[in-house]
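Reading through the structure tokens given below for one structure.
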RNA sequence: GGAGGCGUCGCCUAGUCCGGUCUAUGGCGCCGCACUGCUAAUGCGGUUUGGGCUUUACCGUCCAUCGAGGGUUCAAAUCCCUCCGCCUCCGCCA
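In my numbering, the protein residues as written are 71 to 505.
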């Protein structure tokens with residue numbers, strides 16, 4: 071949520087932001103009037119309550135008629151206080167409800183527009199020219215099956231479409247990626263974290279995932295818990311309702327968790343393979359820092375993502391997302407998109423958002439420094455979304471015979487293996503009877 | 001899942017039985033000032049969080065806040081109910 075004071079003092083800025091997002095501008099005026107009502111009813115309650123307390127203190131000492139009169143007046147006041155309290159409650163709830171609907175203020179440098187209006191900032195590496203190399207690239211699923219690494223048929227049999235098994239070398243590849251990513255994050259000063267995959271509504275709402283994207287979230291009705299779509303949620307909520315001394319900032323966490331996404335409304339999109347799935351694992355960077363440092367930290371997160379993709383020797387580009395594609399929480403967002411040869415385009419592998427104080431306000435995470443207690447800033451960035459990274463590695467590093475070159479950074483985590491080779495069956499290479 | 005205990009403003013703690021003088025006690029820590037070659041010690045003052053009013057700072061003031069939410073009452077940290085969390089024991093279990 072944003073600062074109500076900003077809304078009062080500069081409503082036009084908030085209106086402009088809502089407009090840029092393609093969201094309800096009238097919300098600003100509903101909110102202004104709800105806030106007005108909240109303050110007015112609050113003042114009324116305060117005054118009545120003050121009077122009630124003042125008179126109440128006289129009662130134990132009073133006698134006879136004087137006491138009877140006091141009891142009569144405080145009796146009346148009691149009813150009035152109760153009514154004012156109810157009104158104040160109602161107004162505060164209304165204001166809060168509207169405030170939670172409001173998106174974050176869009177960063178002034180974010181391009182205005184929708185999903186197609188992103189801006190390409192940089193390109194790294196060069197896509198391979200398979201024609202010049204003399205063969206047609208296989209897609210990641212074909213490669214994954216050849217290597218005995220990916221099994222989507224059985225994933226569908228057991229769990230439905232968009233589910234998969236990583237088998238044999240595929241499983242090892244994930245573990246290698248996760249280990250390498252955690253190693254990079256740890257070297258950069260992040261604290262590794264394994265987080266809960268099920269969270270309460272407060273955590274989900276606080277991070278901003280119960281608004282427009284609510285349909286994309288799994289909910290367990292029986293327990294009123296949500297399956298997280300990213301460890302950003304439990305990491306952001308880790309310090310919920312806490313006040314953090316500024317000297318401890320920045321707090322940098324590298325979370326590893328499964329991520330669950332219903333992918334509602336994406337029917338027919340990316341149906342082949344494991345590019346878009348209901349469940350995948352991810353190493354996520356999450357930072358609590360001061361609002362003053364947020365912008366610079368955002369650049370650092372982007373730099374760590376670039377370092378990661380470069381170390382995997384993947385060609386990729388960096389884009390800045392347009393205002394309409396930011397999601398409720400982000401004021402600004404960069405994606406790194408890796409080249410996918412068989413699709414002939416760049417696809418999102420990582421994403422980093424600066425949410426400023428938006429999530430912190432909702433979650434009640436504050437900092438204390440010489441200026442007192444105030445909300446801090448939170449930022450997040452993907453380090454390694456495993457399935458999509460596997461897609462990019464298989465396709466970009468494939469060889470004519472269907473084997474796949476292992477980027478050097480992963481070799482220590484794969485027993486020194488330099489190439490992944492096709493197998494007769496997923497279990498063949500791991501069976502004790504092999505060779 | 002069952003039984004019991006506990007939850008006080010950073011930490012510890014008094015208060016809860018018996019409602020009002022609780023504006024929540026004391027200690028530790030922390031901050032400021034004084035004293036002091038320096039440090040230590042000592043003394044004095046301050047130290048939950050949120051909201052409102054005062055111009056948005058300062059100062060001041062009012063209200064809320066004793067795990068959360070309801071209720072009883074003129075009045076709730078204190079009495080009643082529901083929920084949450086932690087601890088102990090029992091049952092079940094990876």
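We put the beta carbon where it would ideally sit given N, CA and C, even for glycine. None of these values were measured; they are calculated from a predicted model.
Status (buried if at least 16 other CB within 10 Å, exposed otherwise) for residue i
| i | result |
| --- | --- |
| residue 134 | exposed |
| residue 228 | exposed |
| residue 470 | exposed |
| residue 350 | buried |
| residue 190 | exposed |
| residue 96 | exposed |
| residue 113 | exposed |
| residue 503 | Caution is warranted here: a pLDDT of 48 is assigned to residue 503, below 50, making its placement in the model unreliable, and the coordinate value is therefore given only provisionally. Result: exposed. |
| residue 205 | exposed |
| residue 369 | exposed |
| residue 49 | Residue numbering for the chain in the displayed model covers 71 to 505; residue 49 lies beyond these limits and cannot be assessed. |
| residue 486 | exposed |
| residue 244 | buried |
| residue 327 | buried |
Closest residue to residue i among the options (Cα-Cα distance)
| i | options | result |
| --- | --- | --- |
| residue 323 | 128, 302, 495 | 302 |
| residue 325 | 384, 298, 158, 287 | 298 |
| residue 124 | 144, 110, 112 | 144 |
| residue 474 | 483, 339, 154, 462 | 462 |
| residue 196 | 408, 447, 429 | 408 |
| residue 115 | 104, 94, 157 | 157 |
| residue 320 | 309, 248, 270 | 309 |
| residue 438 | 217, 239, 121, 360 | 360 |
| residue 393 | 290, 380, 401 | 401 |
| residue 104 | 169, 278, 130, 242 | 169 |
| residue 317 | 164, 405, 436, 391 | 436 |
| residue 224 | 217, 234, 215 | 234 |
| residue 216 | 472, 481, 483, 78 | 472 |
| residue 171 | 455, 467, 444, 432 | 432 |
| residue 403 | 175, 273, 252, 468 | 175 |
Expected contact under 8 Å - CB spacing of residue i and residue j to nearest Å
| i | j | result |
| --- | --- | --- |
| residue 355 | residue 424 | About 13 Å separates the two Cβ atoms, so there is no contact after all. |
| residue 452 | residue 375 | 7 Å |
| residue 260 | residue 314 | At roughly 17 Å, the Cβ-Cβ gap does not stay under 8 Å, so residue 260 and residue 314 are not in contact. |
| residue 346 | residue 288 | Wrong, their Cβ atoms sit about 15 Å apart, outside the cutoff. |
| residue 490 | residue 476 | 6 Å |
| residue 306 | residue 338 | With 8 Å as the limit, residue 306 and residue 338 do not qualify as a contact, their Cβ atoms being about 32 Å apart. |
| residue 98 | residue 85 | 5 Å |
| residue 527 | residue 422 | Nothing in the structure corresponds to residue 527, since the chain is present only between 71 and 505. |
| residue 286 | residue 219 | At roughly 27 Å, the Cβ-Cβ gap does not stay under 8 Å, so residue 286 and residue 219 are not in contact. |
Backbone secondary structure at residue i - three-state DSSP
| i | result |
| --- | --- |
| residue 368 | helix |
| residue 70 | In this structure the chain extends from 71 to 505, so residue 70 is not present and cannot be described. |
| residue 506 | Since the first and last residues shown for the chain are 71 and 505, residue 506 lies out of range. |
| residue 279 | coil |
| residue 84 | helix |
| residue 473 | coil |
| residue 289 | strand |
| residue 344 | coil |
| residue 394 | helix |
| residue 459 | helix |
| residue 75 | helix |
| residue 319 | coil |
| residue 269 | strand |
| residue 237 | coil |
| residue 518 | Because the chain spans 71 through 505 in this model, residue 518 falls outside it and cannot be assessed. |
| residue 495 | coil |
| residue 515 | It is not possible to answer for residue 515, since the shown part of the chain is limited to 71 through 505. |
| residue 402 | strand |
| residue 176 | coil |
Residues that residue i bridges to, as DSSP identifies them
| i | result |
| --- | --- |
| residue 450 | 356, 423 |
| residue 195 | In DSSP, residue 195 forms no bridge with anything. |
| residue 418 | 407 |
| residue 489 | 475 |
| residue 442 | 439 |
| residue 263 | 325 |
| residue 468 | 474 |
| residue 221 | 235 |
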